[in-house]
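Engineer: Dropping the structure in here first, questions after.
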Amino acid sequence: MIEMTFPGDTRVLVWPLDEQAPQLLALCREAGIPVDDMIDIPVKRQREKAAERLLLCRALGRPVIPSHTSQGAPYIEGNPVNISITHTQRLVALAVNEDEIIGIDAELMDRKQVLRVRDKFLNSTEQQFINPDDQAAHVIAWTAKEAVIKAERNSAIDWTDGICLEPFSADGFDVREVTLAARCGDRSYHLICRLVEGHCLTVALASSQ
433 MIEMTFPGDT RVLVWPLDEQ APQLLALCRE AGIPVDDMID IPVKRQREKA AERLLLCRAL
493 GRPVIPSHTS QGAPYIEGNP VNISITHTQR LVALAVNEDE IIGIDAELMD RKQVLRVRDK
553 FLNSTEQQFI NPDDQAAHVI AWTAKEAVIK AERNSAIDWT DGICLEPFSA DGFDVREVTL
613 AARCGDRSYH LICRLVEGHC LTVALASSQ
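Residue numbering for the sequence shown follows this note's numbering, beginning at 433 and increasing consecutively.
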């Protein structure tokens, strides 16, 4: 497990998915985390859900099962803490903030498909400052928009014009974090991108303005 801190007193916990489903379920049982509802679901989802619950247990200090809104956004029943969860084939990550609206997303840096679908998530202004061949910048933009959508808790937001990114550079992302700004409706976001386990991991934090 990897633990990091981000601005705004945001904690991020990452679980690299090195274990198989039986191992993760066993770890849940050892921690007192319920697993009965995971027994009959696909193995891929078993691994993701088990890792999610292990991270939540570590973050909150007790076993919890997250609930979900009609849009699929996770929350903890009876607890006002803000949480956001993302997963790929190789990791699960959890962001926790006691006070601020947050969203998190992760994507493999070698995901070349983002170059082919740039028209689906970059608006005309963003396409002017993001080079068509800059794969790192595309992955950063993709995760930034996904993180904002998760923070907004609204999967119906238009990826192109519904979220507007300010110009940024991906130069040197392999040795330093990248920060950028975005706007979604009346809300502004500060985004921090870090390279974690071969992924671009991006946290969106709503601006206080």
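Just so it is clear, CB atoms sit at the ideal spot from N, CA and C, and this is done for glycine as well.
(1) Quick one: what's got a C-beta closer than 6 Å to A415's C-beta in the same chain, skipping five residues either side?
(2) Have a look at V549, T592, A527 and flag the residue whose alpha-carbon is nearest the alpha-carbon of L623.
(3) Indicate the three-state DSSP secondary structure (helix, strand or coil) for E539 in the structure shown.
(4) Tell me the start and end of each unbroken alpha helix (DSSP H) in the segment 560–614 that is at least 4 residues and wholly inside, in chain order.
(5) Going along the chain, which unbroken runs of the beta strand (DSSP E) with 3 or more residues stay wholly within the segment 476–537?
(6) Taking V444 as the reference, give the member of I562, A568, N529, N555 with the closest Cα.
(7) Please report the straight-line C-alpha distance between L523 and C489, rounded to a whole angstrom.
(8) Looking at the secondary structure, which residues open and close the alpha helix (DSSP H) in which A638 lies?
Structural biologist: Here's the rundown:
(1) Past the edges of the chain, shown from 433 to 641, lies residue 415, and the structure says nothing about it.
(2) A527
(3) strand
(4) 567–584
(5) 514–519, 523–529
(6) N529
(7) 17 Å
(8) Here A638 belongs to no alpha helix (DSSP H); instead the beta strand (DSSP E) covers 631–638.
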